[in-house]
Amino acid sequence: MTYVVIENCIACKYTDCVEVCPVDCFYEGENMLVIHPDECIDCGVCEPECPADAIRPDTEPDMEKWVEFNRKYSEAWPVILSKKDPMPGYEEKDGETGKMEKYFSEAAGEGDA
11 MTYVVIENCI
21 ACKYTDCVEV
31 CPVDCFYEGE
41 NMLVIHPDEC
51 IDCGVCEPEC
61 PADAIRPDTE
71 PDMEKWVEFN
81 RKYSEAWPVI
91 LSKKDPMPGY
101 EEKDGETGKM
111 EKYFSEAAGE
121 GDA
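Taking my numbering, I'd label the letters of the sequence shown as residues 11 to 123.
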């Protein structure tokens, strides 16, 4: 099992999860985070830390696409190791539907490495 970041993270990018991760498996895009599924140790400490409820176990229904999505972008984006402020306007976008089509960017974030 692994944990993955889903659409709810887009345009919010809370980083509370990054601080508690014991293996530094979060990667930063311009407007969301992802988890490298091969680096995640399945500890689950990140899931309750996400204010946007954007982290889920891959055992939930229909998570296969998110596992591959997280894998793809974790191999392209830089690792993030420390908490940062959420994105401007996150309050309005938290919980919004259709974020992938409206806001997703393939661009890398700044990272910490």
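Heads up, the beta-carbon is just placed ideally off N, CA and C, and yes, glycines get one too.
From a predicted model like this one, the values you see are computed outputs, not experimental measurements.
So residue i and residue j are in contact, right, with Cβ under 8 Å, and what is the actual spacing, rounded?
i: Asn41; j: Ile20; result: 6 Å
i: Cys22; j: Tyr100; result: 4 Å
Using the beta-carbon count (16 or more within 10 Å), is residue i buried or exposed?
i: Thr107; result: exposed
i: Val9; result: In this structure the chain extends from 11 to 123, so residue 9 is not present and cannot be described.
i: Glu38; result: buried
i: Pro71; result: exposed
i: Gly119; result: buried
According to DSSP, what are the bridge partners of residue i?
i: Gly108; result: Answer is none; Gly108 lacks a bridge partner.
i: Ile45; result: Phe36
i: Val15; result: Ile65
i: Ala118; result: Gly39
Exercise. Give a yes or no on contact between the region 45–55 and the region 92–100, applying the rule of three or more CB pairs nearer than 8 Å.
Key: The region 45–55 vs the region 92–100: no contact.
Quiz prompt | Completely contained alpha helix (DSSP H) runs for the region 48–91, where each covers 4 or more residues | solution = Counting only runs of 4+ residues, the alpha helix (DSSP H) found wholly inside the region 48–91 occupies 74–84, in chain order.
Quiz item: Taking one C-beta from the region 60–67 and one from the region 28–35 each time, how about it: are there three or more such pairs within less than 8 Å?
Solution: The answer is no - the region 28–35 does not touch the region 60–67, with fewer than three Cβ pairs under 8 Å.
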